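Participant: Next up is a structure, given as structure tokens.
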Amino acid sequence: MDYNKAIEIAQNIYWVGTYLENDSFQSLPYLIDNGDESILVDPGSMLEFEEVVRKTQEITELSNIKYIILHHQDPDLASSVPEIEKLINRDDLQIVTHSRITVLIKHYLVTSSYYEIDKNNFELVTTNGLKLQFLTTPYCHSPGAFVSYEPKTKVLFSSDIFGGLEESWDFYAKEDYFELAKEFHRAYMPSKDIFNYALRKIEQLDINLIAPQHGSIIKREFIPQLIEDMKNLECGLYIRDKYND
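At position 173 of the sequence shown the residue is numbered 173 (the numbering used here), and the sequence of numbers has no breaks.
And the structure:
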């Protein structure tokens, strides 16, 4: 697989990231090609900025991007946004996120207006009919965290959920992916109860592909078992003996 090019993972949905050598913490930005209302998903930090821009331009002009989805506020997914805004140079560009997150994103000096999912019926519908559904996953691992679902292709953009830390990175997850993902979730998900609240929402969706912010992209055949394994994972407070007394 040629990581030097944008890679189509579903119809009109592309990975536009870069492989960082000797880095187990890979970040995965995505592009939804939708004409002049195209969407960048978690575009990344300045470490990936040049490659994200180059690969996006393989698919569409930057001026065609109308929305940037930020699933939470961390710098590894959001810090490049001010520079990307300058290149898009579009007055109607909107940052799609939760109102709990906008109060933090503003510290990057973002200039675009916000499309707050909790004030828009937890969905986005473009003029040509592309629809995204948003499910809140509070405290996994941000109070305003959420995931995005595209029902036509059945792709779930899962943010930190289902992310993995991999010394030897695979673009697509293999059968043993839970072993690569569990330590990340043990550390970043606050508790088993809170994590299961999010997983119960997610498992109700018909998912063909999970596109997480970190780790590997997960195909349908591995999703049911991965969710079951995640449900049983002790994480956050639960991995500390004193909280189990």
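For every residue, glycine included, the Cβ atom is placed at its ideal position computed from N, Cα and C. Source: prediction; values computed, not measured.
Around the C-beta of E85, are 16 or more other C-beta atoms found within 10 angstroms, so that it is buried, or is it exposed?
Facilitator: buried
Participant: Look up K154 in the DSSP assignment and say whether it is helix, strand or coil.
Facilitator: Three-state DSSP puts K154 in coil, outside helix and strand.
Participant: Would you tell me roughly how many angstroms separate the C-alpha atoms of N4 and T56, rounded to the nearest one?
Facilitator: Rounded to the nearest angstrom, the two C-alpha atoms are 12 Å apart.
Participant: Would you call A6 buried or exposed, if buried means 16 or more other Cβ atoms sit within 10 Å of its Cβ?
Facilitator: buried
Participant: Among residues of its own chain, excluding the 5 on either side of L209, which ones have a beta-carbon nearer than 8 Å to its beta-carbon?
Facilitator: Taken in chain order, the residues that qualify are I9, A10, T153, K154, V155, L156, I217, I218, K219, R220.
Participant: Straight-line CA distance for G215 to N196?
Facilitator: 20 Å
Participant: In angstroms with no decimal places, state the Cα-to-Cα distance between Q73 and L199.
Facilitator: Answer to the nearest angstrom: the Cα atoms are 21 Å apart.
Participant: Please state the DSSP three-state secondary structure of K174.
Facilitator: coil
Participant: Which residues in the same chain as E83 place their Cβ atom closer than 8 Å to its Cβ, once the five residues preceding and following it in sequence are excluded?
Facilitator: Taking C-beta separations shorter than 8 Å and ignoring five residues to either side along the sequence, the partners of E83 in its chain run M46, F49, following chain order.
Participant: Say whether the region 60-78 touches the region 93-106, bearing in mind that this needs 3 or more beta-carbon pairs closer than 8 Å, one atom from each stretch.
Facilitator: yes
Participant: When the Cα atoms are used, what is the spatial distance from S24 to K231?
Facilitator: 24 Å
Participant: Which stretch, first to last residue, makes up the beta strand (DSSP E) that contains Y30?
Facilitator: 30-32
Participant: What span of residues does the beta strand (DSSP E) with F134 cover, start to end?
Facilitator: Element bounds for F134: 131-136.
Participant: Evaluate D193 with the Cβ neighbour count: other Cβ atoms within 10 Å of its Cβ, from every protein chain shown; 16 or more gives buried, anything less gives exposed.
Facilitator: exposed
Participant: Three-state secondary structure (DSSP) at L205?
Facilitator: Coil, per DSSP.
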